[in-house]
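To start, the structure itself, in structure tokens.
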Amino acid sequence: MTKYTVPRGTRDILPAEVALWQFVEQKAREIFRLYNFREIRTPIFEHTELFLRGIGENTDIISKEMYNFQDRKGRSLTLRPEGTASVVRAYLESNLHKQEALSKLWYQGPMFRYERPQAGRYRQFHQMGCEVLGAVSAYQDTEVIALAQHFFETIGLRGLEVHINSVGCPICRPVIKERLKSFLGDNLNNLCEDCRKRFETNPLRILDCKNPECNEFFVMLPDISDVLCAECKEHYHDVQNYLNIMRIKYMVNPRLVRGLDYYTKTVFEVISSHLGAQNAVCGGGRYDNLIQELGGPSIPAVGFAFGLERAVLIMQNQKVTVPGRTPYLLLLPLGENAGNRAAIFANKLRRKNIPLEIDISGRGLSAKLKTANKLGVRYVYILGEDELVDKCGQLKDMRDGRQKKIRFDKFLAEMEKKYKKDNRS
Ligand code: ATP
Ligand code: MG
Numbered sequence: 021m022t023k024y025t026v027p028r029g030t031r032d033i034l035p036a037e038v039a040l041w042q043f044v045e046q047k048a049r050e051i052f053r054l055y056n057f058r059e060i061r062t063p064i065f066e067h068t069e070l071f072l073r074g075i076g077e078n079t080d081i082i083s084k085e086m087y088n089f090q091d092r093k094g095r096s097l098t099l100r101p102e103g104t105a106s107v108v109r110a111y112l113e114s115n116l117h118k119q120e121a122l123s124k125l126w127y128q129g130p131m132f133r134y135e136r137p138q139a140g141r142y143r144q145f146h147q148m149g150c151e152v153l154g155a156v157s158a159y160q161d162t163e164v165i166a167l168a169q170h171f172f173e174t175i176g177l178r179g180l181e182v183h184i185n186s187v188g189c190p191i192c193r194p195v196i197k198e199r200l201k202s203f204l205g206d207n208l209n210n211l212c213e214d215c216r217k218r219f220e221t222n223p224l225r226i227l228d229c230k231n232p233e234c235n236e237f238f239v240m241l242p243d244i245s246d247v248l249c250a251e252c253k254e255h256y257h258d259v260q261n262y263l264n265i266m267r268i269k270y271m272v273n274p275r276l277v278r279g280l281d282y283y284t285k286t287v288f289e290v291i292s293s294h295l296g297a298q299n300a301v302c303g304g305g306r307y308d309n310l311i312q313e314l315g316g317p318s319i320p321a322v323g324f325a326f327g328l329e330r331a332v333l334i335m336q337n338q339k340v341t342v343p344g345r346t347p348y349l350l351l352l353p354l355g356e357n358a359g360n361r362a363a364i365f366a367n368k369l370r371r372k373n374i375p376l377e378i379d380i381s382g383r384g385l386s387a388k389l390k391t392a393n394k395l396g397v398r399y400v401y402i403l404g405e406d407e408l409v410d411k412c413g414q415l416k417d418m419r420d421g422r423q424k425k426i427r428f429d430k431f432l433a434e435m436e437k438k439y440k441k442d443n444r445s
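Residue numbers (the numbering used here): 21 to 445.
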């Protein structure tokens, strides 16, 4: 082992895996554009107070997962555990809400939670997410669910399920909690220690417990959706109606709750059977009171975030491949004079936007050709000392292994022609 290692719960993303990340990020950007979302970038740390106020003091995130620190002036700052609170803060601080009735924003970046690291669960992880601020209609809930589903389809993920539920609003939530407590009260002994604590502080969160024994027991839970107030019921009905007419497959899951307190009405998750215990790749919902809670006017909103680590993990498990980023050409000079000539070619071709590598090492031809195979290049141009005299080199097509002589003065134009042709098809 080397002397220095990555901190527990973090990881390096090495070049082979980065290709998948770039593919996911690029597709997400394209989809956000299709649905008319604009990017917003906020700081990685914020005043601790923002998260205390936004996420809720009795959540796991606030009570045990925050990365808090003091700066040199004694201010309490926190590495962001999620993106929504920061987006709402920036939206209010920049007065976006006064300029437009509907703001559709997306973001991306690392998030930090002091959790127990496992496959698909890290202390630094990455999310991309979107928020619709001013989301008056139930259509907006459906649109973000549609976007999430469209996106996962685009990156080639199969076997995903969209689960939805309604967690009510401040009017009916107390009734939901009471109903839940009366069911759980008789069965407290079956719950883990954390859940016994949650029973007093945040009973709804018990349903989100990751402990398998608690989960087993929730199967017996009565359906609590009938205690929603009239407004929440109607909203839930409208969301499902839009989902139906837009032909979006979903499952009603009355046990679905989220780990953050700000959610109201609709909550949803996208679940994969390829993720093991950490089966949610995406989570979100409506948060009609958060903007006001953070000092703004009463503006309803809805959004979601997905985890890049988990999206990439499913792609790897499902063996989804993405176009690689191999150089098109390898220049292969043999000897010093040939090296000079190849350096000039490299310089010129790169300015013509042709990705290439040059093997300037003193190794022999067969060793260098091995590199060409490993890189997966389309062409190799061999410049031997003898060929310098004739002012020509050998162009080897790595697909069929055929080789032909190309004169130096024709080489640049020939490569440009080939590259254009290959990149058109
Ligand atoms: P989970 O139930 O798995 O803890 P969550 O409800 O805490 O997830 P959100 O806060 O809604 O998740 O974040 C949305 C997505 O971000 C999750 O669906 C997941 O893909 C990803 N995510 C959340 N926490 C982590 C983590 N610690 N490591 C990796 N990805 C994460
Ligand atoms: Mg969590």
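Yeah, the Cβ is synthetic: ideal placement off N, Cα and C, and Gly gets one too.
Between the CA atoms of residue j and residue i - distance to the nearest angstrom
i	j	result
residue 294	residue 336	10 Å
residue 210	residue 183	26 Å
residue 228	residue 122	31 Å
residue 23	residue 159	54 Å
residue 242	residue 224	13 Å
residue 96	residue 367	51 Å
residue 226	residue 282	16 Å
residue 328	residue 429	48 Å
residue 432	residue 419	20 Å
residue 232	residue 135	17 Å
residue 32	residue 25	10 Å
residue 174	residue 47	7 Å
residue 55	residue 325	15 Å
residue 334	residue 44	12 Å
residue 465	residue 442	Limits of the chain in this structure are 21 at one end and 445 at the other, which puts residue 465 out of reach.
residue 512	residue 81	The question about residue 512 has no answer here: the residues shown for the chain are numbered 21 through 445.
residue 447	residue 189	Past the edges of the chain, shown from 21 to 445, lies residue 447, and the structure says nothing about it.
residue 421	residue 42	31 Å
residue 62	residue 208	42 Å
residue 321	residue 262	17 Å
residue 379	residue 394	13 Å
residue 155	residue 319	8 Å
residue 427	residue 411	6 Å
Check: residue i C-beta below 6 Å from any heavy atom of the ligand MG
i	result
residue 279	yes
Residue i Cβ short of 6 Å to the ligand ATP heavy atom set
i	result
residue 307	no
residue 142	yes
residue 325	yes
residue 302	yes
residue 49	no
residue 135	yes
residue 171	no
residue 453	The requested residue 453 is not part of the displayed model; the chain covers only 21 to 445.
residue 147	yes
CB contact below 7 Å: residue i versus chain B
i	result
residue 142	Looking for chain B here will not work: only one protein chain is present.
Beta-carbon gap between residue i and residue j smaller than 7 Å
i	j	result
residue 143	residue 296	no
residue 176	residue 340	yes
residue 287	residue 302	no
residue 149	residue 76	no
residue 405	residue 359	no
residue 259	residue 161	yes
residue 124	residue 171	no
residue 273	residue 185	yes
residue 377	residue 415	no
residue 310	residue 108	yes
residue 400	residue 352	yes
residue 308	residue 284	yes
residue 9	residue 292	Since the first and last residues shown for the chain are 21 and 445, residue 9 lies out of range.
residue 111	residue 153	yes
residue 34	residue 342	no
residue 357	residue 408	yes
residue 105	residue 129	no
residue 196	residue 249	no
The alpha helix (DSSP H) enclosing residue i, as first and last residue numbers
i	result
residue 371	356 to 371
residue 23	Residue 23 -> no alpha helix (DSSP H), and no H or E assigned at all.
residue 266	Residue 266 -> no alpha helix (DSSP H), and no H or E assigned at all.
residue 390	385 to 395
residue 377	Careful: residue 377 lies outside any alpha helix (DSSP H), inside the beta strand (DSSP E) at 376 to 378.
residue 322	Here residue 322 belongs to no alpha helix (DSSP H); instead the beta strand (DSSP E) covers 321 to 327.
residue 218	213 to 221
residue 444	428 to 444
residue 410	405 to 410
residue 159	158 to 174
residue 343	Per DSSP, residue 343 belongs to no alpha helix (DSSP H) and is neither H nor E.
Extent of the continuous beta strand (DSSP E) run through residue i
i	result
residue 199	Segment 193 to 205 is the alpha helix (DSSP H) holding residue 199; no beta strand (DSSP E) there.
residue 148	144 to 153
residue 183	180 to 186
Entirely within the stretch 52 to 109 and at least 4 residues each: give me those alpha helix (DSSP H) ranges in chain order.
68 to 75 and 80 to 84
Can you give, in chain order, each stretch of the alpha helix (DSSP H) that sits fully within the stretch 248 to 314 and has at least 4 residues?
250 to 265 and 310 to 313
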